[in-house]
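In the UniProt record's numbering, the protein residues as written are 1 to 82.
All C-beta atoms in this analysis are idealised placements derived from N, C-alpha and C, irrespective of residue type, glycine included.
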Ligand code: SF4
Ligand code: SF4
């Protein structure tokens, strides 16, 4: 039986990010990095969707995503692996 679970996570508009690092400082799960100093990236496996980074971003380039379908796909993949 498939379990439907919503996943909420942060997503950075990469082209608009100014790589200031503010989001890194506020994230309680250490889910954000700025690889190569170009733009921030969110590790969606670590992100708990708290929204603190979105509130803190001075450039307002973080949006919150709620994804149900992706979780269903992952669940189905896990079931196939059992
Ligand atoms: S706080 Fe905003 S502008 Fe600064 S690195 Fe994070 S996403 Fe980019
Ligand atoms: S939503 Fe919360 S946990 Fe996710 S990246 Fe932003 S601050 Fe970190």
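| said: On the CB-based measure, 16 or more other CB atoms within 10 Å of its CB, does residue 42 come out buried or exposed? | reply: By the neighbour-count criterion, in which a residue is buried when 16 or more other Cβ atoms sit within 10 angstroms of its Cβ, residue 42 is buried.
| message | Could you check whether the Cβ of residue 22 sits closer than 7 Å to any heavy atom belonging to ligand 1? | response | Yes, Cβ of residue 22 sits closer than 7 Å to a heavy atom of ligand 1.
| Among 26, 34 and 33, which has the Cα closest to the Cα of residue 51? | Nearest option by C-alpha distance: 26.
| Enumerated in chain order, which unbroken segments of the alpha helix (DSSP H) with a length of 4 residues or greater are wholly contained in the UniProt domain "4Fe-4S ferredoxin-type" (38 to 67)? | The alpha helix (DSSP H) runs of length 4 or more contained entirely in the UniProt domain "4Fe-4S ferredoxin-type" (38 to 67) are, from start to end of the chain, 52 to 56.
| Hey, quick one: how far does the beta strand (DSSP E) through residue 12 stretch, first residue to last? | Per DSSP, residue 12 belongs to the beta strand (DSSP E) from 7 to 12.
| message | Let me check one thing: in DSSP terms, what residues is residue 22 bridge-paired to? | response | Note: residue 22 sits in no beta bridge, so no partner.
| Spatial neighbours of residue 39 in its chain, beta-carbon cut-off 8 Å, leaving aside the 5 residues before and after | Same-chain partners within the cutoff: 12, 14, 15, 17 and 19.
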